[in-house]
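For reference, the structure is listed below as structure tokens.
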Ligand code: NAI
């Protein structure tokens, strides 16, 4: 059995995806939880041995299954615990084919030299489209009229129904989703204003608001696209709802901690708020078997959805592509760009050289020791990048082909080395 600090290497293969010819056939990938087939296809096309299972594995099963696995793909159910990581002596990388990464023991993975990748932005478009549809649905009170038609009532009336053209949408959080919504909304004739704590370039004709209060006072629709942080916790409560225009609507497809639901329910019941579309809740059922309970149930012109803002087949496919791509770039080039628990390095392709990837304990003197080996062996460094975090250092070093294996073996044996491998 190999030890964690042995130098491992890859076998040569054909060019695909625009990346240089490298390894793969000897590397084993295990994908769980019915990860979208595009991921398996992309990885197999690069020559990896891929096993794909439709379900999650329990800890004991996973401890057995990860033996000999070089890359593990999961979604949100599989728990990658410290025990799993301990058993996974050949594991180089984890791909979370989803947004969250709480299911992985990130710190333990970090100290074992295993980066974890996810796909935080593959479902941006899906959320923006949902919100756009809700702006129209709330303006036309679609849930109400549809509900009544289902019950046999024919309420043909224009009262309370509006076009959205020219209406003001206030976007709170002008990040990936907020700015995408801004562009799509303008195409519909909506007037966009936004508030963000960071200075953001306004797209199209969007106008920035200096304060949240200013945005709340002007918008016909307030839509929230902020992360869950201390600054956004309970960001919209009684005071903020009172500041909104009478009859304005609130949309939250961000995080359940952002809106105080009792205050929203009261504002809807009083008629001050004209409607709401809520996709995320402070307490969400852990599974489909658990009952969903909310104070907003049964209120007029309120759209409730079970945290499906980003849940589309297109988003799943995009996640499959994005994470498979991250796995390939890490396995073949050592790129950790986008890893959630790792120093970020991206050196591109190693042109005309072999690449040594070394994860080590972050203590003084490692680079000196590595460079000492290079000069002892009379080897030439063609490129070198180092990045550290609190626990580990990550070194990417391109070395002349003739010297690479010798250097890699010596670097792997350094007492500070956690994981060392060579890519061609
Ligand atoms: P992002 O990180 O690209 O953008 C967030 C923006 O909010 C940033 O521009 C940031 O500066 C801003 N911000 C942070 N704190 C703020 C504050 N106190 N006031 C105003 N602005 C603030 O994030 P992205 O991808 O646009 O996602 C936004 C939210 O949507 C996240 O909470 C994410 O979890 C959620 N989300 C929900 C989904 C669903 O299924 N409903 C799916 C995908 C994302």
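Residue numbers (this note's numbering): 1259 to 1682.
Even glycine gets a Cβ: it sits at the ideal position worked out from N, Cα and C.
Just reading off the beta strand (DSSP E) that residue i is part of, what are its end residues?
i: residue 1612; result: 1612-1619
i: residue 1467; result: Unbroken run through residue 1467: none, as it is neither H nor E.
i: residue 1442; result: Not the beta strand (DSSP E): residue 1442 falls in the alpha helix (DSSP H), residues 1434-1445.
i: residue 1482; result: 1479-1482
i: residue 1506; result: 1506-1510
i: residue 1679; result: 1675-1681
i: residue 1449; result: 1449-1453
Say the cut is 7 Å; is the CB of residue i nearer than that to a heavy atom of the ligand NAI?
i: residue 1252; result: Residue numbering for the chain in the displayed model covers 1259 to 1682; residue 1252 lies beyond these limits and cannot be assessed.
i: residue 1376; result: no
i: residue 1618; result: no
i: residue 1567; result: yes
i: residue 1297; result: no
i: residue 1579; result: no
i: residue 1487; result: yes
i: residue 1365; result: no
i: residue 1536; result: no
i: residue 1391; result: no
i: residue 1310; result: no
i: residue 1458; result: yes
i: residue 1382; result: yes
i: residue 1490; result: yes
i: residue 1334; result: no
i: residue 1552; result: no
i: residue 1385; result: yes
i: residue 1441; result: no
i: residue 1357; result: yes
i: residue 1656; result: no
i: residue 1455; result: yes
i: residue 1544; result: no
i: residue 1675; result: no
i: residue 1513; result: yes
i: residue 1519; result: no
i: residue 1451; result: no
i: residue 1410; result: no
i: residue 1484; result: yes
i: residue 1433; result: yes
i: residue 1436; result: yes
i: residue 1430; result: yes
i: residue 1306; result: no
i: residue 1652; result: no
i: residue 1682; result: no
At what residues does the alpha helix (DSSP H) containing residue i begin and finish?
i: residue 1534; result: Segment 1531-1536 is the beta strand (DSSP E) holding residue 1534; no alpha helix (DSSP H) there.
i: residue 1317; result: 1317-1323
i: residue 1664; result: 1659-1670
i: residue 1525; result: 1519-1528
i: residue 1501; result: 1496-1501
Could you round the C-beta distance between residue i and residue j to whole angstroms and report it? I think they count as a contact, below 8 Å.
i: residue 1480; j: residue 1474; result: 6 Å
i: residue 1452; j: residue 1440; result: 7 Å
i: residue 1437; j: residue 1573; result: Not a contact, Cβ separation roughly 17 Å.
i: residue 1300; j: residue 1597; result: About 19 Å separates the two Cβ atoms, so there is no contact after all.
i: residue 1611; j: residue 1656; result: 4 Å
i: residue 1375; j: residue 1353; result: 5 Å
i: residue 1326; j: residue 1293; result: Between residue 1293 and residue 1326 the Cβ distance is about 19 Å, and since that is not below 8 Å, they are no contact.
i: residue 1564; j: residue 1550; result: 7 Å
i: residue 1401; j: residue 1395; result: 7 Å
i: residue 1482; j: residue 1427; result: With a Cβ gap of about 12 Å, residue 1482 and residue 1427 do not count as contacting.
i: residue 1557; j: residue 1526; result: 5 Å
i: residue 1361; j: residue 1338; result: 6 Å
i: residue 1287; j: residue 1307; result: 7 Å
i: residue 1495; j: residue 1521; result: 5 Å
i: residue 1613; j: residue 1676; result: Incorrect: roughly 17 Å between the Cβ atoms, too far for contact.
Let me check you understand the geometry: is the CB of residue i closer than 7 Å to at least one non-hydrogen atom of the ligand SAM?
i: residue 1610; result: Absence of the ligand SAM from the depicted structure is noted, with the ligand NAI being the only ligands included.
Beta-carbon of residue i versus every beta-carbon of chain B: anything under 8 Å?
i: residue 1360; result: Among the chains of the structure shown, chain B does not appear; only one protein chain is present.
Taking only runs that begin and end inside the stretch 1533-1588, name each unbroken beta strand (DSSP E) of 3 or more residues, in chain order. 1560-1562
Give the list of continuous beta strand (DSSP E) stretches no shorter than 3 residues that lie fully inside the stretch 1619-1647. 1639-1646
Can you list, in chain order, the stretches of the beta strand (DSSP E) that have 3 or more residues and sit fully within the stretch 1285-1357? As far as the stretch 1285-1357 is concerned, its whole beta strand (DSSP E) runs of at least 3 residues are 1286-1289, 1307-1310, 1329-1332 and 1351-1354.
Can you give, in chain order, each stretch of the beta strand (DSSP E) that sits fully within the stretch 1349-1426 and has at least 3 residues? 1351-1354
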